[in-house]
Amino acid sequence: SWRLMTGGTLVLALLQCATLTALPESPRWLLRRGDEHAARAALARLRGVASRPALVDGEIAELKEGLRREQMAGAAVGGAEGWAALAEEPRLLKLLALCIALQALQQLSGINAIVYYTPQTMKEVGVPMLFERIGFGENPASLLATMLAYLPKIPSLLLTMVLIDRLGRRRLMQSFVPLMGLCHLALAASFGAMGSSLVWPRVLAM
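In mature numbering (1 follows the signal peptide of the UniProt record, and there is no 0), the protein residues as written are -22 to -1, 1 to 184.
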C-alpha cells in the first residue's frame, strides 16, 4: 500500500513539472531584465485584463518606480545585495520575519497531527468499509479512504493559484484563516466528545 501512495505523489510531481513551462514569469523579474514587452504580457495574463491596457500601464509604471527606488536605495547604502541587504533595510528584515512566522505557524497549527490520524478518523466514520464492500482489502480500503479525504485539496490549490495574484495574499489570509480556526474548533469539540456520535465533524473539518 505504501508503494501505491508513493507512486501517486510521483504522478502529481511529474504533472507539475510538465505544466511549469505554461506559467508566466514574474512581471517584476522581467522588468529587471529589461524585457518590458514580456512583462506587460505576463501582467495582463495574471490580472486577466488584456482588453484594458490602461490598468496594465498603471501597474507597470508602479513596478518601474519600485525598481527605480530600489536601485537608488542600493546606491545610497553602497549597493548591498542578497543577505547583506537585510541588515541595511529594516523593511526587508520585517518581510523575512513575517514569511518565517507564517511557515512556522503552519506547522504549529497541528496539521501534521491531523494528517497522521486521518486514517484512524476515516476508519471510525466507516468510510473504509464502503471500499471493502466493493472488493478492496483492508489496507487498500484504508488508503483509498485517506486519499478521498484529501481529494478536495486539489481544487482548493488550483483556486488559490488563480486568486493569489488577483486578490492578494493578505486578503486571502484574512478570509480563510478564520475558517481554519473554526475547523480546528470543530476538531477539538469532536475529539473532546470521544465515544459520542460526533465523528463526521472531524472529516468535514479536515
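Cβ atoms here follow ideal geometry from the backbone N, Cα and C, with glycine treated the same way.
Could you check where the alpha helix (DSSP H) with residue i kicks off and where it finishes?
i, result
"Phe114", "Unbroken run through Phe114: none, as it is neither H nor E."
"Arg147", "147 to 170"
Identify whether residue i lies in helix, strand or coil by the three-state DSSP scheme.
i, result
"Asp35", "helix"
"Pro97", "helix"
"Pro68", "helix"
"Arg11", "coil"
"Leu1", "coil"
"Ser134", "helix"
"Arg30", "coil"
"Gly88", "coil"
"Leu129", "coil"
Looking only at C-alpha atoms, which of the options sits nearest to residue i?
i, options, result
"Val34", "Ala183, Glu14, Met100", "Glu14"
"Ala46", "Arg10, Pro31, Leu70", "The sequence shown places Arg at residue 46, not Ala. It is Arg10 whose Cα lies nearest to the Cα of Arg46."
"Ala(-1)", "Phe114, Ala20, Glu67", "Ala20"
"Glu40", "Lys72, Arg18, Ala28", "Arg18"
"Ala91", "Leu80, Ala166, Thr(-17), Gly36", "Ala166"
"Tyr128", "Gly170, Leu182, Ala79", "Leu182"
"Ile89", "Trp(-21), Thr(-14), Arg(-20), Cys161", "Cys161"
"Leu(-19)", "Thr124, Met139, Thr138, Ala164", "Thr124"
"Leu80", "Ser134, Ala(-5), Gly170, Met151", "Met151"
"Gln84", "Ala32, Gly159, Ala164", "Gly159"
"Ser134", "Phe154, Leu163, Glu67, Leu76", "Phe154"
"Arg147", "Leu(-13), Cys77, Glu43", "Cys77"
"Leu136", "Gly(-15), Ala65, Thr(-17), Thr(-4)", "Thr(-4)"
"Leu126", "Arg149, Pro156, Gly113, Val93", "Val93"
"Arg69", "Ala82, Ser87, Glu48, Leu86", "Glu48"
Discussion item. Quick test of the definition: if touching needs 3 or more C-beta pairs under 8 Å, does the region 5 to 19 touch the region -15 to -7?
Written reply: no
Worksheet item: Should the region 119 to 130 be called in touch with the region 91 to 102, which here means at least 3 C-beta pairs below 8 Å?
Response: yes
Worksheet item: Three or more C-beta pairs closer than 8 Å, one from the region 22 to 42 and one from the region 135 to 148: is that the case here?
Response: yes
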